[in-house]
Amino acid sequence: MAPLKYLYSTDHKVIGLLYGFTSLCFLLVGFVLVIVIRWQLAFPGQPVPYVAGLLGAANAPGGIVLPEFYNQLGAMHGTIMVFLGVVPLAVGAFGNYLVPLQIGAPDMAFPRLNLASYWFYAAGGAIMLASFFLPGGAANNGWTSYAPLSDLAPGHGQTFWLLGMLFIIFSSLLGALNFITTIVQLRAPGLTWFRLPFFVWAQFVTAFLLLLAFPALQAAALLQGMDRLAGSSFFLPSGLAVSGQALDVAGGGNALLWQHLFWFLGHPEVYVLILPAMGIAAEVIANNTRKPLWGYRVMVYSVFVLGFLSFVVWAHHMFLTGMGTAISAFFQTTTMIISIPSVVILSSLILSLYGGSIRFTTPMLFALAFLPMFGIGGLTGLPLGLATTDIPLHDTNYVVGHFHYLVAPGTIFALFAGIYHWFPRITGRMMNDVLGRIHFAGSLICMNVIFLPMFVQGLAGVNRRLWDGGAEYAHAQGVLHFNVPMSIAAFGLAFFQLFFIVNLFMSIRYGRRVDTNPWEATTLEWNTGTAPVRVYRDPYDYSVPGAKADFTPQYERAEA
Amino acid sequence: MHTLPYTTEIRPDTGLTNPKLGIWLFLASEVMLFGSLFSAYALLRSGAASWPDQSAVLSVPLATLNTVILISSSVTMVLAWSGARAGRMDRFRIYMGLTLLCGAGFLAVKAVEYGDKFAHGLLPSTDNFLALYFTMTGVHAVHVLAGMVVNAFLLGPGARMWRSEPERFTNRVEVAGIYWHFVDVVWIFLFPVLYLL
Amino acid sequence: MTARGYLGVFGALLALTAATVLAASLQLPSSSTMALGLTIATAKATLVALFFMHLKSEKPMVYWPLALAAVLFAALFAFILWTEADHIAIGG
Chain A
1 MAPLKYLYST
11 DHKVIGLLYG
21 FTSLCFLLVG
31 FVLVIVIRWQ
41 LAFPGQPVPY
51 VAGLLGAANA
61 PGGIVLPEFY
71 NQLGAMHGTI
81 MVFLGVVPLA
91 VGAFGNYLVP
101 LQIGAPDMAF
111 PRLNLASYWF
121 YAAGGAIMLA
131 SFFLPGGAAN
141 NGWTSYAPLS
151 DLAPGHGQTF
161 WLLGMLFIIF
171 SSLLGALNFI
181 TTIVQLRAPG
191 LTWFRLPFFV
201 WAQFVTAFLL
211 LLAFPALQAA
221 ALLQGMDRLA
231 GSSFFLPSGL
241 AVSGQALDVA
251 GGGNALLWQH
261 LFWFLGHPEV
271 YVLILPAMGI
281 AAEVIANNTR
291 KPLWGYRVMV
301 YSVFVLGFLS
311 FVVWAHHMFL
321 TGMGTAISAF
331 FQTTTMIISI
341 PSVVILSSLI
351 LSLYGGSIRF
361 TTPMLFALAF
371 LPMFGIGGLT
381 GLPLGLATTD
391 IPLHDTNYVV
401 GHFHYLVAPG
411 TIFALFAGIY
421 HWFPRITGRM
431 MNDVLGRIHF
441 AGSLICMNVI
451 FLPMFVQGLA
461 GVNRRLWDGG
471 AEYAHAQGVL
481 HFNVPMSIAA
491 FGLAFFQLFF
501 IVNLFMSIRY
511 GRRVDTNPWE
521 ATTLEWNTGT
531 APVRVYRDPY
541 DYSVPGAKAD
551 FTPQYERAEA
Chain B
561 MHTLPYTTEI
571 RPDTGLTNPK
581 LGIWLFLASE
591 VMLFGSLFSA
601 YALLRSGAAS
611 WPDQSAVLSV
621 PLATLNTVIL
631 ISSSVTMVLA
641 WSGARAGRMD
651 RFRIYMGLTL
661 LCGAGFLAVK
671 AVEYGDKFAH
681 GLLPSTDNFL
691 ALYFTMTGVH
701 AVHVLAGMVV
711 NAFLLGPGAR
721 MWRSEPERFT
731 NRVEVAGIYW
741 HFVDVVWIFL
751 FPVLYLL
Chain C
758 MTARGYLGVF
768 GALLALTAAT
778 VLAASLQLPS
788 SSTMALGLTI
798 ATAKATLVAL
808 FFMHLKSEKP
818 MVYWPLALAA
828 VLFAALFAFI
838 LWTEADHIAI
848 GG
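Residue numbers (my numbering), protein chains in the order written: chain A, 1 to 560; chain B, 561 to 757; chain C, 758 to 849.
In structure tokens form, the structure reads like this:
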């Protein structure tokens, strides 16, 4: 299908598709990892069926997942999903493909840098995957790689993780400056800032988050690399003993330094995960309600406030590290305040439905479900953002449920909406509607069955990252039984993704052919004319009184 | 590949070319990278039970020399750009050559410093001050090297663009210069923080 | 700026370098040395940025990202120290 020349094209659409294909593969890998995890949680100590041979005797003798391997699965599931799956899909694929089109630009500002970004990402991904085949296996210290455990982790898996992250981060930094420069400099004539589709604003703020937050993790990775390879003690305090033996290092380091640098990136990172999704949801909702977004301007201001605040809330991940009450109060305050722009954006999207002529297309189903799912994710974050309530909930399954609601039926649903929505722009064909609706319904139900009980388990005190799901703990006994239906739902979720995968590949060849703007959308990416683009109107001129159709594209001249 | 707008000519409402905005955005991220390292220094030093007398461990004279070298290279770099802008390729070549020489000199002095430390058994594993010293100056040195690669390209094969697109070439020199000056600025802070304080 | 102007800045930078080395040799209390050293460094950096990097005549679209980076760096630096201050025995 793809000649070799697609691998070194500097065209943003080709690069966007490279990112798209690669990131979808990584999402699948990350998903397979968690399927094994969910088997172990539901049936601890039982051999994993079918794939036991693939896991390897070192990781799972007799097909029974060892704790060390379970930890690898957990750490790499998180790492791969966040850094190799969701963000490259949301930003690298959707961003690269659509931003230049939506602003009427011929390409990104730096096309060759764009290609370089993709290959740095691919290299980082390859390093991460390769780490599974090292003698000691892949990194197994959580996606957060906390020191001193990660500093001292035996084998090279953690070192490969650090190296892989350096490549991925470099890719993101180059990509971020490319996006910002493109949006600032290459908007078509007439495309003033407040005529930009909300999707572009979301990508713009996301790029700033990546640009200014990732370097902290880069620095941290370099410091941990020095600890692991050069014997330094950046994150190793004095007097540390491992297995009863005093560690032969200089000491004087600070394990919390890792946490600060990691979360300085980590928190903006979660907004990197959600903002492009909000952007996609906004586009799909405006298009399928046949009316402009409610509160467009307020949404734009909110996304900037959200972006800025996201940099000053990070220590809410560290409430249990012994910080003083004053600094704790500061971070609790900023964390509570940041929920405001979040809610404003969500409310605007919900209010956008009011009075609309809603078309329940497959993309719209995903975008509609995004709203309450994001709502649940956001609301469940509130007790985590207040230190007192965070104390019993920190590091429990409650947290896992919270962020998965935001990323899975949140972001990933929005990404699905985007794929179904923009598929005809990319291929000139529609995806199958029946398969799409089955995919939607099955995924929605399964995701809720998987993640809702996690709140119950967390409230009961079940810790995250336990290889037996908490079976050894008395306080967990009452909620362990949830693991079985949760895991069955996870296997169900896998089954329903087949409808999507088959649909995707089948529709590329056999999908119903459509003309250039099947959804009757207003934004520039649906304009496939060759004349230079000029913009005359706002991004969502749907149902304008007196207009000849219920949508007026941005490039259509205003009436004289 | 079609020519993208505002690669060489300025976009009226922003007053910028794409590369000019791009390099400043990159430097903003570099501020965060080195800023993270300086923050690590501040935390580790303020939390340390004891901290070596930095100027006794490191060579202030060599570092002062390196500071002068790097500042000089910044002057020669901006004069190289000035020459290119005035259409004087001879001046560009001389000053860019001097900039490269200064860069090489800086790295040579650093090699001498590192070698001396290693010879005395002073390693990143010895204590956190040395770990920070090697890491921060090491990351900085990598940036110096990267800058030298770009500058060497502009002096060598890249200079062919002078004939076909002189304005675009001059802008490239300016952008490379902005990066190079930043590397100088980082050293301006590394010098007192690591050697003198 | 003319070549003469650049050389003038060069001279100022050399003078400030000498000043910083001199200040360090005065054996002042460490907080004073730190304050003096960082002030002089900031002055040097400002000269390089304004004149060599032409920041003096740059556009708002460049100032904003830089200002943001400066604020965020300050936040990272300050909050790390502030958060860990309870664990740190300052001057210990």
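Virtual Cβ for every residue (Gly too), placed ideally from N, Cα, C.
| Query | Result |
| --- | --- |
| Bridge-paired residues (DSSP) for A/TYR542 | A/PHE551 |
| Distance CB(A/PHE170)-CB(A/GLY418) smaller than 8 Å | no |
| Nonlocal neighbours in the same chain, by C-beta distance under 7 Å from A/LEU41, ignoring five residues either side | GLY469, ASN483 and SER487 |
| Amino acids of chain C, ordered along the chain, whose beta-carbon sits closer than 7 Å to that of A/ASN483 | What A/ASN483 touches in chain C: nothing, since even the nearest Cβ is about 36 Å away. |
| Beta-carbon gap between A/VAL184 and C/MET818 smaller than 8 Å | yes |
| Selection of the region 807-825 of chain C by Cβ proximity to chain A, strictly under 9 Å | MET818, PRO822 and LEU825 |
| Residue-chain proximity (A/PHE234, chain B), Cβ-Cβ < 8 Å | yes |
| Inter-stretch contact at 8 Å, needing at least 3 Cβ pairs: the region 183-198 of chain A / the region 607-618 of chain B | no |
| Residue environment, A/TRP193, which counts as buried when at least 16 other CB atoms sit within 10 Å | exposed |
| B/ILE629: contacting residues in chain C (beta-carbon distance under 8 Å) | Correct list: empty, because the minimum Cβ distance to chain C is about 11 Å. |
| Chain C within 8 Å of A/THR431, Cβ atoms only | It is worth fixing the name first, because residue 431 of chain A is Met in this sequence and not Thr. Judged by the 8 Å Cβ criterion, A/MET431 is not in contact with chain C. |
| Beta-carbon spacing of C/LEU833, B/GLY718 below 8 Å | no |
| CB contact below 8 Å: B/PRO752 versus chain C | yes |
| Segment contact, 8 Å Cβ cut-off, at least three pairs: the region 744-755 of chain B with the region 708-726 of chain B | no |
| Nearest-angstrom Cβ-Cβ length linking A/GLY74 and A/ILE37, presumed shorter than 8 Å | 6 Å |
| Three-state secondary structure (DSSP) of A/THR396 | strand |
| One or two residues paired with A/ARG513 in a DSSP bridge | A/ARG429 |
| Contact list for the region 764-789 of chain C against chain A, Cβ threshold 7 Å | none |
| Nearest-angstrom beta carbon gap, B/LEU564 and A/ALA57 [assumed within contact, 8 Å] | That pair is no contact at about 54 Å. |
| Three-state class that DSSP yields for A/ASN71 in the structure shown | helix |
| Among C/ARG761, C/MET758 and C/ALA831, nearest to B/ALA600 - alpha-carbon criterion | C/ALA831 |
| Contacts of B/TRP584 in chain C (Cβ-Cβ under 7 Å) | VAL819, PRO822 and LEU823 |
| For A/ASN463: DSSP bridge partner residues | A/THR396 |
| Contact test: A/ALA286 Cβ vs the ligand SAM heavy atom, cutoff 7 Å | Annotation note on the ligand SAM: not contained in the displayed structure, which lists no ligands. |
| Beta-carbon spacing of B/VAL669, B/LEU622 below 8 Å | yes |
| Of the residues B/THR574, B/LEU639 and B/THR627, the one placed nearest B/VAL733, counting alpha carbons only | B/LEU639 |
| Any chain B beta carbon closer than 8 Å to C/VAL828 | no |
| Rounded straight-line distance, which links the Cα of A/PHE331 to that of A/HIS260 | 13 Å |
| The region 543-555 of chain A touching the region 294-309 of chain A, judged by at least three CB pairs closer than 8 Å | no |
| Alpha helix (DSSP H) runs wholly inside the region 584-667 of chain B, at least 4 long, in chain order | 614-617 and 620-645 |
| Whole-angstrom distance between A/PHE208 and A/GLY356, CA atom to CA atom | 33 Å |
| Inside the region 87-169 of chain A only - alpha helix (DSSP H) runs reaching at least 4 residues | 96-102, 111-130 and 149-152 |
| DSSP-derived helix/strand/coil call for A/SER310 | helix |
| 8 Å Cβ cutoff met for A/SER233 and A/GLY251 | yes |
| A/ASP433 classed as buried or exposed, judged by whether at least 16 other C-beta atoms fall within 10 angstroms | exposed |
| Residue-chain proximity (A/MET165, chain B), Cβ-Cβ < 8 Å | no |
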